[in-house]
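Q: Protein chains in written order, with this note's numbering: chain P, 3 to 92; chain V, 72 to 473.
#1: Does the beta-carbon of residue 457(V) have 16 or more other beta-carbons within 10 angstroms, so that it is buried, or is it exposed?
#2: Can you tell me whether residue 110(V) is buried or exposed? The criterion is at least 16 other CB atoms within 10 Å of its CB, across all chains shown.
#3: Give the range of the alpha helix (DSSP H) segment to which residue 390(V) is assigned.
#4: Report yes if the CB atom of residue 44(P) is closer than 7 Å to the CB atom of residue 357(V), and no otherwise.
#5: Take the Cβ of residue 114(V) as the centre, count every other Cβ of all protein chains shown within 10 Å, and call the residue buried at 16 or more, exposed below.
#6: How do the segment 385-401 of chain V and the segment 24-44 of chain P stand: do at least 3 beta-carbon pairs fall below 8 Å, yes or no?
#7: Using a Cβ cut-off of 7 Å (strictly closer), state whether residue 243(V) contacts chain P.
#8: Taking three-plus beta-carbon pairs below 8 Å as touching, is the segment 335-349 of chain V in contact with the segment 140-148 of chain V?
#9: Tell me, which residues are paired with residue 193(V) by DSSP?
#10: Go through its chain and collect everything with a Cβ distance to residue 342(V)'s Cβ below 6 Å, but skip five positions before and after it.
#11: If you compare alpha carbons, which of 302(V), 379(V) and 353(V) is closest to residue 153(V)?
#12: I'd like to know whether the C-beta atoms of residue 302(V) and residue 257(V) end up nearer to each other than 7 Å.
#13: For residue 60(P), would you say it is in contact with chain V, using Cβ-to-Cβ distances shorter than 7 Å as the test?
#14: Across the segment 252-269 of chain V and the segment 277-289 of chain V, are there enough close Cβ pairs to call them in contact, namely three or more that are closer than 8 Å?
#15: Near residue 198(V), what residues of its chain come up, given a Cβ to Cβ distance below 8 Å and the 5 sequence neighbours on each side ignored?
#16: Distance, Cα to Cα, residue 372(V) vs residue 188(V)?
#17: Taking 7 Å as the threshold (C-beta atoms), are residue 347(V) and residue 184(V) in contact?
#18: Kindly indicate which residue of 364(V), 216(V) and 238(V) has the alpha-carbon position closest to the one of residue 268(V).
#19: Taking only beta-carbon atoms, is residue 14(P) less than 7 Å away from chain V?
#20: Quick check on residue 85(V): buried or exposed, where buried means 16 or more other Cβ atoms within 10 Å of its Cβ?
#21: For residue 443(V), report the span of its alpha helix (DSSP H) as first-last.
#22: Would you be able to state if there are at least three C-beta pairs under 8 Å between the segment 428-444 of chain V and the segment 124-138 of chain V?
#23: Could you check the C-alpha separation between residue 250(V) and residue 352(V) for me, to the nearest Å?
#24: Against chain V, does residue 73(P) count as a neighbour if the rule is that its beta carbon must be under 7 Å from one of theirs?
#25: Using a C-beta to C-beta distance shorter than 7 Å, which residues of chain V count as neighbours of residue 81(P)?
#26: Check each candidate in 70(P), 74(P), 78(P) and 49(P) and name the one with the smallest Cα separation from residue 330(V).
#27: For residue 104(V) and residue 90(V), I'd like the C-alpha separation in whole angstroms.
#28: Just how far apart, CA to CA, sit residue 9(P) and residue 53(P)?
#29: Tell me whether residue 204(V) counts as near the ligand GTP, meaning its Cβ is closer than 6 Å to at least one heavy atom of that ligand.
#30: Drop a sphere of 10 angstroms on the beta-carbon of residue 474(V), count the other beta-carbons inside from all chains shown, and report buried for 16 or more, exposed for fewer.
#31: Along the alpha helix (DSSP H) that carries residue 83(V), what are the first and last residues, could you check?
#32: Does residue 15(P) come out as helix, strand or coil in the three-state DSSP assignment?
#33: Which class does residue 374(V) belong to by DSSP, given the choice of helix, strand or coil?
#34: Chain P partners of residue 382(V), CB-CB under 7 Å?
#35: If I'm right that residue 20(P) touches residue 78(P) with Cβ under 8 Å, what's the distance once you round it to whole angstroms?
#36: Under DSSP, the beta strand (DSSP E) around residue 2(P) begins and ends at which residues?
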């Protein structure tokens with residue numbers, strides 16, 4: 003029935019995610035004057051993180067569409083889940 | 072005074088002086104307006120510079136200042152209107168084809184981050200091939216909608232002597248696009264016994280029950296099992312309605328199963344939407360969940376005719392998705408994860424929280440607002456956020472003196 007797995011990155015609810023290079027990441031942290039863990043997190047099990055192939059410790063730049071500012075940039079820190087997600091009995 | 076000679080020149084000046092200093096939306100709007108003005112009246116360079124300076128000044132003023140209690144303001148801006156919703160809620164129920172939870176109950180549902188909304192609704196958009204024709208939309212609706220034997224049968228009789236007799240309704244078969252053969256295949260999977268079509272009437276299907284199943288005590292259970300057997304469709308989606316929006320047909324479905332619906336060919340998977348936020352988080356990720364929270368809350372508020380600034384809702388959504396998982400605004404989520412013991416105790420379950428903290432020997436550094444209100448200190452908000460960090464002079468006789 004299903005032909006191919008739809009690409010979730012194309013969904014209208016998913017904003018653009020980019021992995022920062024270590025240099026860029028350092029620059030961002032310096033500018034904001036914070037440690038990585040002080041950023042909002044994104045789980046390593048997040049479908050988008052899996053799709054773009056980010057690894058724990060990466061910082062992801064998210065370019066959101068905003069009704070007030072047109073476009074805003076947010077960052078998220080890829081973190082490992084401390085609580086394992088419950089496996090659903092399929 | 073120097074006249075600006077071309078639109079190109081205007082754009083370069085604008086780009087040099089304004090870009091990056093204000094948000095993109097402001098920049099674009101100003102650019103549009105200036106070009107319009109330029110075409111109508113022309114502009115001097117000094118005028119343009121003055122406009123740019125004023126824009127930047129106003130933009131800076133409009134920004135949130137350090138120490139502004141945005142959380143409290145957001146909470147009140149959402150809380151006050153929600154008190155006005157309660158009374159008006161009930162009259163909306165039942166007006167539409169579906170009974171959708173609206174108003175305060177729905178808002179509470181979102182903020183509590185429930186795993187399942189009490190009324191799940193999906194909006195399914197179709198691709199270019201299917202969205203302009205009602206026939207083709209119906210085709211997809213049939214594929215998605217769950218059809219059970221119960222939906223297409225006139226009669227289901229089960230007794231230990233004759234076995235099971237299922238009389239199918241030919242009209243319903245046509246409507247749902249099911250043939251008796253597919254029904255037989257479905258019934259065979261139940262492993263109740265031999266399934267065959269009646270010789271006289273092709274729409275009657277008989278099952279010879281296995282001897283161990285032909286028992287009075289099990290009959291009712293078998294009947295339910297047969298009537299609930301899924302012939303086609305996606306699990307969890309009960310009813311599909313075709314609606315016309317603008318010039319395209321869309322499907323609105325009761326029930327929700329985002330992952331499966333996105334896979335159906337003919338569905339525009341880029342725009343499939345569900346009001347189940349937990350499902351969006353699972354399938355599309357935390358950022359999509361954030362957008363969905365904003366969209367849902369704004370929908371509820373707009374529906375009730377309440378005008379709340381999006382920024383408050385955005386802050387709420389940001390806080391709920393901070394840890395990478397959707398957290399409720401409550402004891403188990405945001406309020407329960409505050410750093411201060413007193414702040415947590417002030418919210419809910421005061422005695423338990425204090426006892427727990429005492430047992431584990433927690434300290435409260437008194438950094439939050441609530442804690443400081445409790446002990447009667449100036450709260451770190453607004454001007455109170457400023458503290459002095461002082462490096463005392465080095466002791467006399469050592470250090471920098473000559």
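All C-beta atoms, glycine included, are put in the ideal place defined by N, C-alpha and C.
Owing to the predicted nature of the structure, the values given are computational and were not obtained by experimental measurement.
A: With the given structure in hand:
#1: By the Cβ-count criterion, residue 457(V) is exposed, with fewer than 16 other Cβ atoms from all chains shown falling within 10 Å of its own Cβ.
#2: exposed
#3: Note, residue 390(V): alpha helix (DSSP H), 381-391.
#4: yes
#5: buried
#6: yes
#7: no
#8: These segments do not touch.
#9: 324(V) and 345(V).
#10: 196
#11: When C-alpha distances from residue 153(V) are compared across 302(V), 379(V) and 353(V), the shortest belongs to 379(V).
#12: yes
#13: No, because no Cβ of chain V sits closer than 7 Å to the Cβ of residue 60(P).
#14: yes
#15: Answer for residue 198(V): 337, 338 and 339, listed in chain order.
#16: If I take the Cα positions, the gap works out to 17 Å.
#17: Going by beta carbons, residue 184(V) and residue 347(V) fall outside the 7 Å limit.
#18: 238(V)
#19: yes
#20: buried
#21: Taken as a continuous stretch (DSSP letters only), the alpha helix (DSSP H) holding residue 443(V) covers 440-446.
#22: no
#23: 38 Å
#24: Residue-level contact by beta carbon holds for residue 73(P) and chain V, with a gap shorter than 7 Å.
#25: 395
#26: 49(P)
#27: The C-alpha of residue 90(V) is placed about 16 Å away from the C-alpha of residue 104(V).
#28: 9 Å
#29: Looking at this structure, you won't find the ligand GTP or any other ligand, since it has none at all.
#30: Look at the range of chain V in this structure, 72 to 473, and you will see that residue 474(V) is not part of it.
#31: Under the DSSP assignment, residue 83(V) falls in the alpha helix (DSSP H) whose first and last residues are 78-89.
#32: In the structure shown, residue 15(P) sits in coil (DSSP, three-state: anything other than H, G, I, E or B).
#33: helix
#34: One finds 70 in chain P with Cβ atoms closer than 7 Å to the Cβ of residue 382(V), taken in chain order.
#35: Rounded, the Cβ-Cβ distance is 11 Å, inconsistent with contact.
#36: Past the boundaries of the shown model lies residue 2(P); chain P is included only from 3 to 92, so the question cannot be answered.
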